[in-house]
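Student: Sharing a structure below in structure tokens format, with a few things to ask.
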Amino acid sequence: MRTGMSQAGTRSRRRAAVLAVCAVLAGGALVSCGDDGDGSAESSPTPTAPDTSRFSGSPPSALASEAESRKAEARASVSAAESSASAAASSFEASVSAETERARAEAEKRLKQVDGRGNAIDDVSLTGLPLSETSNVRALTVNITNSTDETASYAVQVDFSDSDGKVVETRFVGAQDLAPGEKAHPLAISRKPPEPRLTAKVAKAERY
Numbered sequence: 052m053r054t055g056m057s058q059a060g061t062r063s064r065r066r067a068a069v070l071a072v073c074a075v076l077a078g079g080a081l082v083s084c085g086d087d088g089d090g091s092a093e094s095s096p097t098p099t100a101p102d103t104s105r106f107s108g109s110p111p112s113a114l115a116s117e118a119e120s121r122k123a124e125a126r127a128s129v130s131a132a133e134s135s136a137s138a139a140a141s142s143f144e145a146s147v148s149a150e151t152e153r154a155r156a157e158a159e160k161r162l163k164q165v166d167g168r169g170n171a172i173d174d175v176s177l178t179g180l181p182l183s184e185t186s187n188v189r190a191l192t193v194n195i196t197n198s199t200d201e202t203a204s205y206a207v208q209v210d211f212s213d214s215d216g217k218v219v220e221t222r223f224v225g226a227q228d229l230a231p232g233e234k235a236h237p238l239a240i241s242r243k244p245p246e247p248r249l250t251a252k253v254a255k256a257e258r259y
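Reading the sequence shown from the start, the letters are residues 52 to 259 in our numbering.
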């Protein structure tokens, strides 16, 4: 009987001790205390915040993200405009004859071998076409006149420049076997969007 009472007293004292410890710890941290029946107590570790001093880098600000987004949109817009202009130019050129394309290829080949502006600059001029007549494609009529008294062929290079004078596109046209005094009017068709405006000029013209 005394043994039973002694054991009960021991458990009671242990429980009181556990509760006292929990009360002290509760003032500084959250703990979990319990009695599993045999007098043992358990506690769970207090969660701690991560040590941010070990982190590197920083998240992008809202303004930086917005700026990058606008830049991406602008690049996409320019790319779409150029693609659209190129497609329109291709469609506009679809009616060009195989003979005209052959003359263009020959003109480009010839002018690669020409130094300076060539020997036929005075025989060539440009006339712009209204965008309303070209499905909003920038196109020019290249006016070629054989001013000699012999049959001759012509190779012409047309450069398109921006407002700073920088050449942003080059097109070639040609005219084959023009009789003396005969005229030809091939088209120089730009693949750039109609805006911003570009300035076109005859960069080279060679008679051969």
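Ideal Cβ positions, reconstructed from N, Cα and C, are used throughout, including at glycine.
1) Taking only three categories from DSSP, how would you classify residue 276?
2) Suppose the cutoff is 6 Å on Cβ atoms and the five residues either side in sequence are ignored; what does the same chain contact list for residue 218 look like?
3) Helix, strand or coil: which one does DSSP assign to residue 256?
4) Going by alpha carbons, who is nearest to residue 164 out of 207, 237 and 186?
5) Determine the extent of the beta strand (DSSP E) in which residue 157 is found, giving its start and end residues.
6) Looking only at its own chain, which residues have a Cβ that is under 6 Å from the Cβ of residue 259, when we skip the five neighbours before and after it?
7) Using DSSP bridges, identify the partner residues of residue 194.
8) Once the 5 residues before and after residue 234 are set aside, which same chain residues still bring their CB inside 6 Å of it?
9) I need the straight-line Cα distance from residue 230 to residue 174, nearest angstrom please.
10) Label residue 257 either buried or exposed according to how many other C-beta atoms from any shown protein chain fall within 10 Å of its C-beta, with 16 as the threshold for buried.
11) How long is the line joining the alpha carbons of residue 199 and residue 232, rounded to whole angstroms?
12) From residue 202 to residue 228, what distance separates their C-alpha atoms?
13) Take residue 157 as the anchor and find which of 242, 194, 225 and 167 has the nearest alpha-carbon.
14) DSSP puts residue 234 in a beta bridge; with which residues?
15) Tell me the rounded alpha-carbon separation between residue 151 and residue 246.
16) Nearest-angstrom Cα distance between residue 179 and residue 253?
17) Three-state secondary structure (DSSP) at residue 182?
18) Hey, could you find the ends of the beta strand (DSSP E) residue 229 is sitting in?
19) Are the CB atoms of residue 251 and residue 177 nearer to each other than 8 Å?
Tutor: The relevant details are as follows:
1) With the chain covering only 52 through 259, there is no way to say anything about residue 276.
2) 210 and 212
3) strand
4) 207
5) Segment 149-162 is the alpha helix (DSSP H) holding residue 157; no beta strand (DSSP E) there.
6) 204
7) 176
8) 196
9) 13 Å
10) buried
11) 7 Å
12) 6 Å
13) 225
14) 196
15) 27 Å
16) 13 Å
17) helix
18) 218-229
19) yes
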